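Enquirer: For the sequence shown, the residue numbers in this note's numbering are 1013 to 1194.
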Amino acid sequence: MEYKYKLASLQEYSLSNTHQYFEMISYTMFCFLLPIVLSHPQIVVGIAVNAMLVLAGLNLKGYKLLPVIIAPSLGALSGALLFGPFTRFLLYLAPFIWIGNAIFVFSFKLFKLKLKKNYWLTLVIGSALKSGFLFLAALSLYLLGMIPAVFLTAMGILQLITAIGGGAGAFAFQKARIRLAS
C-alpha cells in the first residue's frame, strides 16, 4: 500500500494543494461535460478526455486522480448520447473503463515520473495497456452475450488511437505550461 501511495504522489513538477484542487475540478468537469455537450465524433471526445487523463497523471496527487478517472464514463452515461441506443451497455463497461483509465494514468506515474522513461515510450506503453485491457474486457462481455459487437472496435483500436492522440495533445500543453511557469 505504501508503494501505491508513493506512486500516486508523484508529479512532473510541484503544484500547491490549491492549484491541484483547481486542476482536479477543471479536468473532472471537462471529462464529465464533454461527452454530454460534444457527444460525437467519439474520436474527438476520446482524444480530449485522454489528454485530461494524461495531464491528471502528470500533475495531480493521490485521491485527486479518482474524479478524473471516473468522470468520462459518468458523463457519457448521464448524457445517454455517446453510443445512442447502445448507451445502456456502457453500464456493463463502466467499471472496466475506470480501470482502463487508471491503468493509463498510472502508466504515466510509473514509467514517466518514477522510472524516468521517455514520454513517447510511456505514451505507447500506457495506450497499449489501456486499449488492450478494454478490448479484452469488451471481448469477454461480448462472448458472454452482454454487449453487442460494436463495442469491440470502440474499446479496441479506437481506444488506442484516442489515447495516443490525447497523449500527444497533453505533451504539447504540458511543455508550453512548464515553459510559462519557468
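Virtual Cβ for every residue (Gly too), placed ideally from N, Cα, C.
Since this is a predicted model, take the numbers as computed values, not measurements.
1. Measure from the alpha carbon of Val-1162 to the alpha carbon of each residue in Leu-1172, Ala-1175, Ile-1176, Phe-1147, then state which is nearest.
2. I need the boundaries of the alpha helix (DSSP H) containing Gly-1074, first residue and last residue.
3. Measure the C-alpha to C-alpha separation of Gly-1168 and Ser-1090 and round it to an integer number of angstroms.
4. For Leu-1070 and Ile-1048, what's the separation of their Cα atoms in angstroms?
5. To the nearest angstrom, report how far apart His-1031 and Leu-1046 are at their CA atoms.
6. Flag this pair as yes or no: are the beta carbons of Leu-1072 and Glu-1035 separated by less than 8 Å?
7. Would the region 1171 to 1181 count as touching the region 1127 to 1141 if we require 3 or more Cβ pairs under 8 Å?
8. Measure how close the beta-carbons of Ala-1175 and Ser-1152 come, nearest whole angstrom, since I'm counting them as under 8 Å.
9. What number of angstroms, rounded off, separates the C-alpha of Leu-1022 from the C-alpha of Ala-1060?
10. Looking at Tyr-1131: is its Cβ nearer than 8 Å to the Cβ of Lys-1121?
11. Name the residue from Leu-1141, Tyr-1154, Pro-1079 whose alpha carbon lies nearest to the alpha carbon of Tyr-1104.
12. Does the beta-carbon distance from Ala-1114 to Leu-1102 come in below 8 Å?
Expert: Quick look at the numbers:
1. Among Leu-1172, Ala-1175, Ile-1176, Phe-1147, the Cα nearest to that of Val-1162 belongs to Phe-1147.
2. No alpha helix (DSSP H) contains Gly-1074, which DSSP labels as neither H nor E.
3. 23 Å
4. 25 Å
5. 22 Å
6. yes
7. Touching, per the Cβ criterion.
8. About 20 Å; that fails the 8 Å criterion.
9. Leu-1022 and Ala-1060 have their C-alpha atoms spaced approximately 23 Å apart.
10. no
11. Tyr-1154
12. no
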